[in-house]
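The listed protein sequences correspond, in order, to chains A and B. For the first sequence, counting from 1, position 263 maps to 263 in full-length UniProt numbering; every step adds exactly one. For the second sequence, counting from 1, position 113 maps to 113 in full-length UniProt numbering; every step adds exactly one. Structure, as structure tokens:
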Amino acid sequence: MGLVKAFDDYQDSVNADIEQVRLARARRDVFKKALGAEDDVEEVFGSGSLARSTQLAPIHDVDLVVVFDADAHPTWGTAGDAAQEALSHLGGKVHVLLGATHGTVDQLVRLADPRNHAVKCFLDDPEDPDAFTVDAMPALRQPDNTLLIPEVTSRDWVSADPEYLINEVAKRQVKWPYFRPMVRVLKNWRLGVPVEGKIKSLVMEILALDCLPTAGSRPEALRAFFSAAAVRVNEPITDPADLCGEIQPDLDRVGLRDALNEASELATQACAAAANGATDDALQVWAQLFGTDFPAPAKKQTSPSVAAPALITSRPVKDAPQG
Amino acid sequence: MTADMILISQEAAQLIKTSGLWGHLSLRISEPDALAGVISVSEQQKVMRPAALEPRNHVLRCAGTGSGVWYRVGPELHGAALLVSVRSSGLTLEGFRGHVPSGFKTPGAMAYYALTYAPGVHDPPYNEGQIPELMAWHVSADGAWPISTQVEPQTLGLSQFAPSWPVAELSESTVMLVGGGSIGGAAAHALALYGVGNLLLVDPDRLGWHNLVRHVTSSRHVGRYKVDALADELAQIRSETRTEALRLDVVVDADRIRPLLRRTHVVLCAADGIAPRRVVSHLARRAGIDTVLACVLQDGAFGEILRLRPWADRGCLVCERETLATAGGMDIEPSLDAGYGTGTRHRPMTAVGGDLHLVGQLAAKVAVATVLERRGQADQRLPGEHTVWALRPQPGAAPPFDLSRSGELRWSPAHPPRPGCPTCQAP
Ligand SMILES: [Zn+2]
């Protein structure tokens, strides 16, 4: 198997199932239609990884922004009870329009639970760990086109710009057709990284924006990503629109850095093997990096000495001096 | 007057290639250099068009004059010329004339120089070999003798390294170089050679006669500020690097350094003395910028390069020094405890220029690798953060300085910040 085919196959295993994506989009569209028809709502748009097409399988949630008419809610946007009030208001609307028993537009939502920034709407049993949810976030449009969103914990409103990230990802995708697929590959890779706690998926998206090249082959781009990200991860990873601060202050940076460094070493070996024409060795190393879903060459998979670094045969250096 | 080589500017080459079958040449010929250069070209009898070599202060500018002719020829002549030049031989005049279809000038008592342009060398079967399009000849009544030519290439400069070297990434990078002395001067030249696009040169000192014995620059700059001398030199020989000469002292002018750090990708500090190095470490860490510190220790016995990264698990210069001191590897200078600017600035000159230049060049390599690693260049990862290089090692030094052979290089990892460090603690 060639590298291109192997990466294509691996991509298929990482990508969300098309039926799941369709279902998620359909559910999102029901919310958009129902909430968008309300008198005090100006617009409803998707904002999460589904909107950026960087979603990973399986899809558990959909993010929505519900932009309200500021004139209809003159107290919103100011410190105090307004943040809680906005979330309750939106939660109430979801209940009336989409509640599982008496929803006037559709009967989808079993529980609409106002959280810190958004209303978490459970479409399945809330006890189910894989429950499908829609996070609906109320917002006000500001004169600079960014959003003002409620924050219950601080009893205040904060600026946000989810559209910035959507646009940035789209721009990269235009430059390099593998950008979104590679973001999904990297988000998937992070799930196997041995760190204290978890790595937020948005952390990987920001690292990809900063460190993933938008040119070249997928193996070369990955090698560059891991090398650059191993440096980048040591510095604060903040909201790219520069509005709310660090995305994951409790991130295990050293753990992630070590994993990125190791991945950079492996990717470098894999690229060197491929450049030497040793495609099977390259596949073996990529499989070591990405796990068993990556199609490694069949005949070597059973060998007990699968330690990939040893597979790369040393190469004589040419005696061709340059002065 | 005789020349063994003729230089042809790109402009002269283009005029010949676009001007029909033959024409005249005027040349400058420098007898001591056995060198000629084409300075103008005509098409047949038309007016001579200037096409001289740049820069104007070339050695040929003051040389004698000469004239010559150029001919458009078939590729066979250039193939034959390669054969005869291997035998250090020439063609008979008749043989040469046979290849010139138009405008041939028969030499009288005076020989002349000819250039031949053979556009057919790119067609089969001639395209197999390395046959040049333009050749030069010394044509006399005795025959025609090939002589060497150098045609100015169409592309000059660092772009020739792309794509095997990340030319674009480096050309948009900015390095602040603190210290324009022996190590700093060598580092400046090396940074430009690597292709760093922007250099901020920071040093408050002037170049003295006593500096010349180990500095990269020459006596014509004595008395000038070191940064001005370096900037002028780089402008002449490495014009692709843009320099800013800043006559600043990082200790005294820290407030003017801070805003410059905002457009700096990495700081290379080659300043001697404890205080400037400490200040650079502090300012760069606060600005979140990687720093490379280069120096020689123990009267030039060791070169040392230390890379400081503004990361939570990496210490500053003072932390690294204290860790090394605690492990028994280093005596910390008493002036380290003195306030900024009160320590002795300079130690007596004990290290030799070549060794200092080695350290400056390795420091430049480390700085460039630091920039490129951030850009995803996996082949620029370093084996550690601290390196010690034996220059004149003596037995008995404590680790990591326990090196016994000159040229030995040892890399070590970085260490975490020391508790309570005012530089490493979040402000
Ligand atoms: Zn410190």
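Glycine included, every Cβ here is placed at the ideal spot set by N, Cα and C. These figures come from a predicted structure and were not determined experimentally.
Return no unless some Cβ of chain A is closer than 8 Å to the Cβ of residue 377 of chain B. As a position in the second sequence, residue 377 of chain B is number 377, starting the count at 1. So yes, residue 377 of chain B belongs to the interface.
Which residues in chain A have a C-beta closer than 9 Å to the C-beta of residue 309 of chain B? List them in chain order. Taking the second sequence and counting its residues from 1, the one referred to as residue 309 of chain B is at position 309. Contact annotation for residue 309 of chain B against chain A: 231, 234 [CB-CB distance below 9 Å, chain order].
Length of the line joining the Cα atoms of residue 344 of chain B and residue 283 of chain B: Translated into positions along the second sequence, residue 344 of chain B becomes position 344. Translated into positions along the second sequence, residue 283 of chain B becomes position 283. Bear in mind that a pLDDT of 49 at residue 344 of chain B, under 50, signals an unreliable position, so the number given afterwards is only what the model happens to contain. Roughly 21 Å separates the two Cα atoms.
Suppose you measure from the CA of residue 37 of chain B to the CA of residue 217 of chain B; what does that come to, to the nearest Å? What you label residue 37 of chain B is simply residue 37 of the second sequence in a count that begins at 1. What you label residue 217 of chain B is simply residue 217 of the second sequence in a count that begins at 1. Distance between the alpha carbons of residue 37 of chain B and residue 217 of chain B is about 29 Å.
State the Cα-Cα distance for the pair residue 151 of chain A and residue 33 of chain A, rounded to the nearest angstrom. Here the question's residue 151 of chain A lines up with position 151 in the first sequence. Here the question's residue 33 of chain A lines up with position 33 in the first sequence. One C-alpha to the other measures close to 25 Å.
Roughly how many angstroms lie between the CA atoms of residue 86 of chain A and residue 49 of chain A, to the nearest whole one? Counting from one through the first sequence, the residue named residue 86 of chain A turns up at place 86. Counting from one through the first sequence, the residue named residue 49 of chain A turns up at place 49. Roughly 24 Å separates the two Cα atoms.
Roughly how many whole angstroms lie between the Cα atoms of residue 61 of chain A and residue 133 of chain A? By 1-based counting over the first sequence, the position of residue 61 of chain A is 61. By 1-based counting over the first sequence, the position of residue 133 of chain A is 133. C-alpha separation (whole angstroms): 5 Å.
Let me confirm a value: residue 18 of chain A is counted as buried when at least 16 other C-beta atoms fall within 10 Å, else exposed. Which label applies? Against the first sequence, residue 18 of chain A aligns to sequence position 18. So residue 18 of chain A counts as exposed.
Mapping the DSSP letters down to three states, classify residue 213 of chain B as helix, strand or coil. Against the second sequence, residue 213 of chain B aligns to sequence position 213. Coil at residue 213 of chain B, not helix or strand.
Below 9 Å between beta carbons is the criterion; list the residues of the stretch 272–291 of chain B that meet it against any residue of chain A, in chain order. 288, 290
Using 7 Å as the cut-off, classify the Cβ of residue 269 of chain B as near or not near the heavy atoms of ligand 1, replying yes or no. Taking the first residue of the second sequence as position 1, residue 269 of chain B is located at position 269. Residue 269 of chain B: no, Cβ never under 7 Å from ligand 1.
If you measure from the beta carbon of residue 268 of chain A to each beta carbon in chain B, is any gap under 8 Å? Mapped onto the first sequence, residue 268 of chain A falls at position 268. Yes, because at least one Cβ of chain B sits closer than 8 Å to the Cβ of residue 268 of chain A.
Any idea if residue 9 of chain B is buried or exposed, counting beta-carbon neighbours within 10 angstroms, 16 or more meaning buried? Residue mapping note: residue 9 of chain B aligns to position 9 of the second sequence, counting from 1. It counts as buried.
What is the C-beta distance between residue 68 of chain B and residue 7 of chain B, in whole angstroms, given that I count them as a contact (C-beta under 8 Å)? Position 68 of the second sequence, counted from the first residue, corresponds to residue 68 of chain B. Position 7 of the second sequence, counted from the first residue, corresponds to residue 7 of chain B. Residue 68 of chain B to residue 7 of chain B, Cβ: 13 Å. No contact.
Do the CB positions of residue 116 of chain B and residue 73 of chain B come within less than 8 Å of each other? Within the second sequence, residue 116 of chain B is the residue found at index 116, counting from 1. Within the second sequence, residue 73 of chain B is the residue found at index 73, counting from 1. In this structure, residue 73 of chain B lies closer than 8 Å to residue 116 of chain B by Cβ.
Could you name the residues of chain B that residue 264 of chain A contacts, counting a contact when the two beta carbons are closer than 7 Å? In the first sequence, the residue the question calls residue 264 of chain A occupies position 264. Chain B residues near residue 264 of chain A: 378.
Skipping 5 residues on each side, what residues in its chain have a beta carbon closer than 7 Å to that of residue 263 of chain B? Position 263 of the second sequence, counting from 1, holds the residue named residue 263 of chain B. Contacts found: 174.
Close-in-space but distant-in-sequence residues of the same chain around residue 156 of chain A (CB under 7 Å, 5 per side omitted): Here the question's residue 156 of chain A lines up with position 156 in the first sequence. So the list reads 79, 83, once near-sequence residues are dropped.
Taking Cβ-Cβ distances shorter than 8 Å, what residues in chain B pair up with residue 295 of chain A? Residue numbering aside, residue 295 of chain A sits at position 295 when the first sequence is read from its first letter. Result: empty, since nearest Cβ-Cβ is about 24 Å, beyond 8 Å.
For residue 423 of chain B, which three-state DSSP category applies? Along the second sequence, read from residue 1 onward, the residue named residue 423 of chain B stands at position 423. Note: residue 423 of chain B maps to coil in three-state DSSP.
Between which two residues does the beta strand (DSSP E) harbouring residue 198 of chain B extend? Here residue 198 of chain B refers to the residue found at position 198 when the second sequence is read from its first residue. Here the beta strand (DSSP E) through residue 198 of chain B covers 198–202.
DSSP state of residue 246 of chain A, grouped into three classes? Against the first sequence, residue 246 of chain A aligns to sequence position 246. If DSSP states are grouped into helix, strand and coil, residue 246 of chain A belongs with the strands.
Would the beta-carbon of residue 184 of chain A fall within 8 Å of that of residue 14 of chain A? On the first sequence, position 184 is the one that residue 184 of chain A refers to. On the first sequence, position 14 is the one that residue 14 of chain A refers to. A Cβ-Cβ contact shorter than 8 Å links residue 184 of chain A with residue 14 of chain A.
Residues whose Cβ lies closer than 7 Å to any heavy atom of ligand 1, in chain order: B/315, B/316, B/318, B/319, B/417, B/418, B/421, B/423, B/424
Exposure of residue 203 of chain B, with buried meaning 16 or more beta-carbon neighbours within 10 Å: On the second sequence, position 203 is the one that residue 203 of chain B refers to. The residue in question, residue 203 of chain B, is buried, as its Cβ has 16 or more Cβ neighbours within 10 Å.
Alpha carbon to alpha carbon, how far is residue 159 of chain A from residue 140 of chain A? As a first step, residue 159 of chain A must be located in the first sequence, where it is residue number 159. As a first step, residue 140 of chain A must be located in the first sequence, where it is residue number 140. Those two C-alpha atoms are separated by around 9 Å.
Quick one: grab the DSSP three-state call for residue 145 of chain A. Reading the first sequence from its first residue, position 145 is the one you call residue 145 of chain A. DSSP places residue 145 of chain A in coil when its eight states are reduced to three.
Residue 48 of chain B by DSSP, collapsed to three states: which one? As a first step, residue 48 of chain B is located in the second sequence; it is residue number 48 there, counting from the start. In this structure, residue 48 of chain B counts as coil in the three-state DSSP scheme.
According to DSSP, residues forming a beta bridge with residue 135 of chain A: For the purposes of this step, residue 135 of chain A is identified with residue 135 of the first sequence, where counting begins at 1. Note: residue 135 of chain A sits in a beta bridge opposite A/63, A/120.
What separation, rounded to the nearest whole angstrom, lies between the Cα atoms of residue 114 of chain A and residue 146 of chain A? Position 114 of the first sequence, counted from the first residue, corresponds to residue 114 of chain A. Position 146 of the first sequence, counted from the first residue, corresponds to residue 146 of chain A. Going by the C-alpha atoms only, they are around 22 Å apart.
Could you check whether residue 361 of chain B and residue 186 of chain B sit closer than 8 Å to each other, using their CB atoms as the reference points? By one-based count along the second sequence, residue 186 of chain B stands at place 186. By one-based count along the second sequence, residue 361 of chain B stands at place 361. Judged by beta-carbon spacing, residue 361 of chain B lies within the 8 Å limit of residue 186 of chain B, meaning their Cβ atoms are closer than that value.
My understanding is that residue 15 of chain B touches residue 41 of chain B, with C-beta atoms under 8 Å, so please give their C-beta distance in whole angstroms. Walking along the second sequence from the start, residue 15 of chain B turns up at place 15. Walking along the second sequence from the start, residue 41 of chain B turns up at place 41. With a Cβ gap of about 4 Å, residue 15 of chain B and residue 41 of chain B count as contacting.
In the DSSP output, which residue or residues are listed as bridge partners for residue 296 of chain B? By one-based count along the second sequence, residue 296 of chain B stands at place 296. Partner(s): B/303.
Starting from residue 121 of chain A, find everything on chain B with Cβ-Cβ shorter than 9 Å and list it in chain order. Walking along the first sequence from the start, residue 121 of chain A turns up at place 121. Result: empty, since nearest Cβ-Cβ is about 38 Å, beyond 9 Å.
Beta-bridge pairing of residue 237 of chain A - partner residues as DSSP gives them: Numbered from 1 along the first sequence, position 237 holds the residue referred to as residue 237 of chain A. The partner list for residue 237 of chain A (beta bridge, DSSP) is empty, contrary to what the question assumes.
For the 8 Å Cβ check, are there 3 or more pairs between the stretch 163–176 of chain A and the stretch 87–102 of chain A? no
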